[in-house]
């Protein structure tokens with residue numbers, strides 16, 4: 023009965039075991055690819071299976087966004103299979119290999135290697151910038167085209183890789199829109215900035231800071247949290263003392279929701295703004311009435327303004343329910359890969375990779391064309407305000423909506 | 490000054506929750522020397538069960554406080570059963586196994602419970618329906634809500650009740666005896682299986698209560714919420730001296746306050762060299778210093794009384 027040891031040793035041991043245990047945990051079933059029934063037709067022609075990898079966090083605080091991305095990609099694979107495309111004389115059956123990176127950079131590289139080993143033809147993902155950037159080196163080494171539907175940190179495409187693409191405007195564009203909107207349209211003189219220390223949150227917050235300063239505002243506070251936190255009272259109390267006009271959050275909706283409630287509880291009067299990660303129906307759900315008047319931006323056009331979006335919105339909502347943020351983009355990302363394979367008449371990454379760069383594809387999110395770095399040309403940024411529990415479009419900049427704009431889709 | 494007061498209020502609320510969860514760790518450790526890493530998940534399940542009950546009853550027209558009360562009771566009951574089952578299934582068969590085995594089992598249970606919760610309640614954040622209308626009070630420039638007051642008062646009451654239970658009742662005496670020496674307690678006619686099960690049941694009930702508090706304070710719940718909360722509460726228990734109840738309470742409150750002050754003042758203190766993302770290092774620096782000078786924690790004793 024010699025229980026009494028030095029607990030410190032045990033603590034360290036136990037904590038490290040706990041952490042390892044946590045890092046290893048993986049979700050068993052949901053990640054398994056669902057073979058699309060559409061492709062099971064009697065095949066007089068030889069069939070070829072092309073695997074496309076998809077990575078997003080399917081567990082953890084932003085699992086809802088990860089699932090949304092994966093559903094978008096899954097719908098694209100089903101649609102592509104329904105078309106019974108022929109590549110090199112064979113009917114292609116696309117398969118989606120969905121992996122979970124837990125929004126964790128380390129896990130991101132592990133699953134990236136897993137996809138490379140599984141011999142996927144291309145990758146759609148990851149969701150977060152923090153996981154996309156380290157994983158991109160692995161895909162690049164394997165020569166696999168990677169299209170991220172949602173990683174907006176500029177660094178992703180600035181590494182000199184020929185395999186990195188994204189179908190969404192990056193944070194330089196988005197940050198300058200949010201920053202200048204806060205200063206010019208909202209008249210902010212004092213701005214407080216919070217970020218969640220992820221590559222996305224930090225990168226976007228830096229760009230907003232630049233733009234706000236350029237617009238003549240002062241940054242009165244720069245505070246930090248993390249992407250798993252739920253208690254922000256300490257940093258908000260500090261911000262309250264600085265009395266800012268506008269608070270900007272570089273972070274996801276899971277952080278923004280409780281933060282908004284705590285802002286209310288502390289009696290802070292400042293307007294709240296955030297980027298695409300917080301610009302979701304989930305934020306409204308999490309924050310409730312506290313989300314009224316929030317200004318947020320999304321890289322891309324609002325769903326109801328997507329040029330070919332109406333059919334996508336209908337199909338998606340019928341199958342998977344409400345669109346969160348990025349599923350139209352992951353849908354397009356898959357379609358861009360498929361389109362490049364079709365043009366190259368090959369699913370071999372070596373052969374079709376050059377074609378990805380030459381893409382000119384009319385997707386549900388608009389025209390997809392890449393510049394030499396792999397960034398989308400003329401990416402759109404839209405500013406929203408939350409009114410009566412809905413995201414209301416204030417204005418859009420850039421993008422290819424214009425003439426092709428579909429009539430307002432019903433929510 | 491009002492900022493300092495506000496930070497203290499923030500820290501006190503957080504600390505009260507930590508303290509309740511820490512009690513669950515410390516009771517079990519005090520009696521069988523096991524660190525029940527699944528305790529954080531018990532807290533999470535408590536929140537989730539309360540959530541489900543409250544949503545189910547929300548449309549029934551009962552007064553909100555009654556609904557909240559029922560939710561709380563069901564959650565406490567469910568967690569008591571869960572705590573009992575954990576002990577019976579996962580830990581009792583390993584009671585005489587080497588120390589590391591139950592520890593690993595505990596981590597395993599934690600992962601199992603997280604995944605079960607994910608299957609039942611999904612991956613999304615769940616919005617805890619606000620049953621109490623939040624009143625915001627002002628005091629000397631600092632603001633706090635009635636929910637915060639309720640959390641601190643309820644936590645204080647429960648801790649008093651628990652102290653009474655352990656110090657003044659028969660089962661409490663049996664617990665202290667078992668903590669002192671299982672074999673001798675057994676010889677004195679103490680049903681140690683029952684006592685150990687009780688420790689789990691009571692600890693889990695406190696966890697459920699803490700879970701409901703967290704739920705109504707932040708108004709959100711998530712299947713992974715128990716992990717960090719558990720780790721922090723465990724830290725609090727170690728800070729106070731694991732196995733010692735007064736230590737767990739003090740450690741919890743201390744940790745909450747240190748965290749709040751750390752996040753609030755770290756930038757000012759270091760001339761913005763360290764930002765608020767280093768808020769946790771304050772808590773851990775304090776932990777390290779305490780362990781260096783008092784390896785068994787603030788209230789921990791080298792031998793004897795640990796319940």
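Residue numbers (this note's numbering), protein chains in the order written: chain C, 23 to 433; chain R, 490 to 796. C-beta atoms are modelled at their ideal positions from N, C-alpha and C, and glycine is treated no differently. Because the structure is a prediction, the values reported are computed rather than measured.
Practice task
Would you list the residues sitting across from residue 626(R) in a DSSP beta bridge?
Solution key: 633(R)
With 8 Å as the threshold, decide whether the Cβ of residue 279(C) is near any Cβ in chain R.
yes
| message | Just to confirm my understanding: we take residue 651(R), look at its own chain, exclude 5 residues before and 5 after, and list those with CB closer than 8 Å. What are they? | response | 512, 691, 695, 734
- Message: Counting only Cβ pairs nearer than 8 Å, list the residues of chain C close to residue 623(R).
- Response: 287
Report task. Output, in sequence order along the chain, the residues in the region 225-247 of chain C whose CB is closer than 9 Å to any CB in chain R. Result -> 243, 244, 245, 246, 247
Q. First and last residue of the alpha helix (DSSP H) that includes residue 716(R)?
A. 714-729
Proximal residues of chain C, C-beta to C-beta of residue 492(R) below 8 Å: 259, 260, 262, 263
Ignore the nearest five residues each way along the sequence and tell me which others in residue 383(C)'s own chain have a CB closer than 6 Å to its CB.
-> 358, 361, 390
Can you tell me where the alpha helix (DSSP H) holding residue 571(R) begins and where it ends?
553-575
What number of angstroms, rounded off, separates the C-alpha of residue 253(C) from the C-alpha of residue 493(R)?
17 Å
For this session: Pick helix, strand or coil for residue 244(C), following the three-state DSSP scheme.
Result: strand
Which residues of chain C have a Cβ atom closer than 7 Å to the Cβ of residue 634(R), listed in chain order? 287
task: Use the C-beta contact count for residue 589(R): other C-beta atoms within 10 angstroms, 16 or more gives buried, fewer gives exposed.
output: exposed
*asked:* Assuming residue 145(C) and residue 166(C) are in contact, meaning their beta carbons sit under 8 Å apart, how far apart are those beta carbons, in whole angstroms?
replied: 6 Å
Query raised in the report: Do you know how far the Cα of residue 599(R) is from the Cα of residue 581(R)?
Result: 16 Å
* Please determine if the region 697-705 of chain R and the region 230-248 of chain C are in contact, where contact requires at least 3 C-beta pairs separated by less than 8 Å. => no
- residue 289(C): which of 668(R), 633(R), 573(R) sits nearest, CA to CA? 633(R)
Count the other CB atoms, across all protein chains shown, that sit within 10 Å of the CB of residue 797(R); report buried if there are 16 or more and exposed otherwise. Residue 797(R) is absent from the model: chain R starts at 490 and stops at 796.
Limits of the unbroken alpha helix (DSSP H) element including residue 585(R): From DSSP, residue 585(R) is part of no alpha helix (DSSP H); its letter is neither H nor E.
query: Which whole-angstrom value is the C-beta distance of residue 739(R) and residue 782(R), which I expect to be below 8 Å?
result: Contact flag wrong, Cβ pair sits at about 16 Å.
So the beta strand (DSSP E) residue 76(C) belongs to, where does it begin and stop?
-> 69-78
Are the C-beta atoms of residue 707(R) and some chain C residue less than 8 Å apart? yes
- [ ] Measure the alpha-carbon distance for residue 546(R) versus residue 379(C) and round it to whole angstroms.
- [x] 56 Å
Can you give me the Cβ contacts of residue 416(C) inside the same chain, cut-off strictly under 7 Å, excluding the 5 residues immediately before and after it? 405, 406, 407
Who are the Cβ neighbours of residue 482(R) in its own chain at under 6 Å, not counting the five residues just before and after it? Because chain R is modelled from 490 through 796, residue 482(R) falls outside the range shown and cannot be assessed.
So, residue 285(C) versus residue 294(C), is the Cβ gap smaller than 8 Å?
yes
Just to make sure I have the definition right: I need the residues of chain C whose C-beta is within less than 7 Å of the C-beta of residue 711(R). Which are they? 83
- The alpha helix (DSSP H) spanning residue 797(R) covers which residue range? No information on residue 797(R) is available, as it lies outside the stretch 490 to 796 that chain R covers here.
**Item:** residue 403(C) (DSSP reduced to helix, strand or coil)
**Value:** strand
Compare the beta carbon distance of residue 103(C) and residue 112(C) with 8 Å and say whether it is the shorter of the two.
no
Fill in: Within 8 Å of chain R by C-beta, residues of the region 300-311 of chain C in sequence order
304, 307, 308, 310
task = Indicate whether residue 483(C) and residue 172(C) have their beta-carbon atoms separated by less than 8 Å.
result = Given a span of 23 to 433 for chain C in the structure shown, any question on residue 483(C) remains unanswerable.
Among residues of its own chain, excluding the 5 on either side of residue 37(C), which ones have a beta-carbon nearer than 8 Å to its beta-carbon?
Low per-residue confidence applies at residue 37(C): pLDDT is 47, beneath 50, and the placement is therefore not dependable, though the value from the model is reported in the following sentence. Here the set comprises nothing.
Hey, would you say residue 246(C) sits closer than 8 Å to residue 217(C), going by beta carbons? yes
**Item:** Nearest-angstrom Cα separation, counted from residue 640(R) out to residue 535(R)
**Value:** 16 Å
Got a sec: is the Cβ-Cβ distance from residue 499(R) to anything in chain C below 8 Å?
yes
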